């Protein structure tokens, strides 16, 4: 089967939500019994662009493909980790800490609005329910024109929208369990309504998810992730709506809004039996009923955006997007050693507000030359508090009762104003050869509040990023590209200035630039879909955690290089086989010699990964067997992240009145520690307690029974 997907080239220069339409056209194939599917979507800063015209490794995960993974019992980050080569497997908890792309950080957006904050909380995927996702667009590798955070790649989540015609409804329900205890059950219920006419279309979708407890392959209840929090005993509500207005033949307005709440609701928690002993310690803890805290782990987010498109303003396409996002993130009560002995517990809440606009023009200067240029502006505000719990109540109940004692600042607050100007151009030198290049200049003004008797102040910096590439089309389905690109990270201002004596005047911030070269190839033709890229990324400045988990900025050479590949083979109309592969080396220069980077050294090294699947379908049924393998990683000091292999089985049956699905996750009931759990041990133990408190285990075999219907 020959499939061509059209994706916005705005992934290279700045994203906007869908502003026009989508349609499917079936055309003749290159060979008998094959078809070609071309999905046209206006979703970015430019006119629609086929993957075959983008000099980079691009992946599109369509809604049904994503939903199939959810039917196996996974969440969004788990599903994407199985489907996108180059993206690490998901860690199964609330956090996506350490889930990098090509060994570096990934920027996540919803309809073009970034979910990455200057205060890196790693909760970008605790942001939306897959029920409200139309598709996910992924660009692997360092991005030159997207601002901070995209040193490993971009993930742009496109939400569902209404279409003209009669009212359209979609219903979904599912239940997941490993059949260990009555607490081992997750429930999901979703409903949407959409419709409209030629002028006005709208959609609203509501999804409610209630998770129970989770158990490992040995049948043991999984300890909560007390460091970054998890999704056990969690209730998630996602309400997303949008209205699209055709102002006239050339102008479109899209209004979108989202309310997302995800937080702990149960009363199971960690019991520490030795808090009130003569020699207090955190050993021999277990999980019991009766947990209550005045601050629970949760993520609350509100997001609004308005996007305007004019198809012929000054003979150019013009796009304007205005957005506002508010986010509150709180954490699990965490044990700290108290002065004089014993332990006290505290939990932070961290609040971020982001408002901004993006404007750009796209012009066809000639039949073969295109120019896109524009500006981004935003303001980000941050503050954080630490709730310290009453120690007497904690000691008396083994940590099960956490009553507020006092609230103090956790990190210095800050405000960042950003202004960026960018331009990107593509030139088809011949019908087969394309050259492209671009530049982004970004300035950031940072105001830091006073904190712990250390005066705040103001700092500013700017960074200029370049990209250049060439793409050659062999006119037989084969293409190859060569590119150079740059991206950057901003050191977390709150943790950077959260250290004692770290003043703004003496320690100005600076962007950490990553540079990358990439050579790629893809083939789309007949019954094959293949893509491969080799890359080399390097930086000479890095961030490191100190003993108090604050960060320092150091001059340090670090590099990642590897191979990312995917292949899919369609065997007739019913069968499909495929595989993805990502192998890489992550190194750090020590005393002039390159060594394997430590498992807790940023950017956190990724594991080699391999997936494979075989799938079958007819008009009424689907069946998919898939395997995922992560290879053991060992650093120069001998610390390692163990590898693992899991297998999943997913099937569905059309009932006439909806579709019934059954998924079995971790089919072989593999016992293993999640990559995040193993990395967390290195971060937190023994300073903050024994290893078992942080070694977050993977879930054992689970079964998910689901039903869905569109009508």
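Numbering (UniProt numbering), first residue to last: 1 to 711. Glycine residues also receive a C-beta, built at the ideal position from the N, C-alpha and C atoms. Computed from a predicted structure; not experimentally measured.
With C-beta atoms as the reference, is residue i less than 9 Å away from residue j?
i: residue 87; j: residue 66; result: no
i: residue 640; j: residue 216; result: no
i: residue 434; j: residue 697; result: no
i: residue 451; j: residue 118; result: no
i: residue 439; j: residue 154; result: no
i: residue 246; j: residue 200; result: yes
i: residue 360; j: residue 375; result: yes
i: residue 335; j: residue 272; result: yes
i: residue 277; j: residue 514; result: no
i: residue 176; j: residue 659; result: no
i: residue 107; j: residue 56; result: no
i: residue 383; j: residue 449; result: yes
i: residue 523; j: residue 478; result: yes
i: residue 615; j: residue 567; result: no
From the beta carbon of residue i, is the nearest beta carbon of chain D less than 9 Å away?
i: residue 293; result: Among the chains of the structure shown, chain D does not appear; only one protein chain is present.
Going by DSSP, what residue range makes up the beta strand (DSSP E) through residue i?
i: residue 627; result: 621-630
i: residue 471; result: 457-473
i: residue 350; result: 343-364
i: residue 186; result: 186-196
i: residue 447; result: 433-448
i: residue 305; result: 298-313
i: residue 424; result: 404-428
i: residue 479; result: 478-489
i: residue 55; result: Note, residue 55: premise wrong, no beta strand (DSSP E); not H, not E.
i: residue 325; result: 316-330
Between the Cα of residue i and those of the options, spot the shortest distance and give me the residue it belongs to.
i: residue 196; options: 163, 223, 178 and 180; result: 163
i: residue 480; options: 248, 496, 243 and 530; result: 530
i: residue 590; options: 607, 605 and 555; result: 555
i: residue 352; options: 94, 656, 115 and 679; result: 115
i: residue 469; options: 457, 486 and 212; result: 486
i: residue 518; options: 113, 423, 561 and 253; result: 561
i: residue 715; options: 436, 454 and 458; result: Absent from the model: residue 715. The displayed extent of the chain is 1 to 711, so no value can be given.
i: residue 401; options: 355, 332 and 186; result: 332
i: residue 78; options: 679, 665 and 669; result: 665
i: residue 129; options: 111, 205, 224 and 617; result: 205
i: residue 280; options: 242, 398, 483 and 131; result: 398
i: residue 370; options: 407, 348 and 424; result: 424
i: residue 211; options: 198, 203 and 189; result: 189
i: residue 124; options: 94, 72 and 174; result: 94
i: residue 610; options: 407, 645, 597 and 592; result: 645
i: residue 662; options: 584, 687 and 621; result: 621
i: residue 363; options: 319, 483, 448 and 430; result: 319
i: residue 707; options: 356, 654, 579 and 649; result: 654
Exposed or buried, which one is residue i when buried takes at least 16 other CB atoms within 10 Å?
i: residue 575; result: exposed
i: residue 638; result: exposed
i: residue 339; result: exposed
i: residue 31; result: Note that residue 31 scores 35 on pLDDT, short of 50, meaning its location in the model is unreliable; the coordinates nonetheless yield the value given after this. Per the 10 Å Cβ criterion, exposed.
i: residue 314; result: exposed
i: residue 693; result: buried
i: residue 695; result: buried
i: residue 27; result: With a pLDDT of only 34 at residue 27, under the threshold of 50, the placement of this residue in the model should not be trusted; the figure read from the coordinates follows. Classification for residue 27: exposed.
i: residue 426; result: buried
i: residue 491; result: buried
i: residue 74; result: buried
i: residue 46; result: Reliability of the predicted coordinates at residue 46 is poor, the pLDDT of 40 falling under 50, and the value obtained from them is presented with this limitation in mind. Classification for residue 46: buried.
i: residue 711; result: exposed
i: residue 704; result: buried
i: residue 321; result: buried
i: residue 633; result: buried
i: residue 630; result: buried
i: residue 474; result: exposed
i: residue 539; result: buried
i: residue 656; result: exposed
i: residue 327; result: buried
Assuming residue i is part of the alpha helix (DSSP H), what are its boundary residues?
i: residue 525; result: Here residue 525 belongs to no alpha helix (DSSP H); instead the beta strand (DSSP E) covers 512-525.
i: residue 721; result: Any answer about residue 721 is impossible in this case: the structure gives the chain only from 1 up to 711.
i: residue 82; result: 76-83
i: residue 591; result: Per DSSP, residue 591 belongs to no alpha helix (DSSP H) and is neither H nor E.
i: residue 395; result: 391-396
i: residue 496; result: 493-496
Those runs of the alpha helix (DSSP H) which lie wholly inside the stretch 610-687 and span at least 4 residues:
675-684
List, from N- to C-terminal side, the alpha helix (DSSP H) runs of 4 residues or more that fit wholly inside the stretch 208-288.
none
Complete runs of the alpha helix (DSSP H) confined to the stretch 75-163 [at least 4 residues]:
76-83
Where are the beta strand (DSSP E) runs, 3 residues long or more, that stay fully inside the stretch 566-604, in chain order?
575-590 and 593-596
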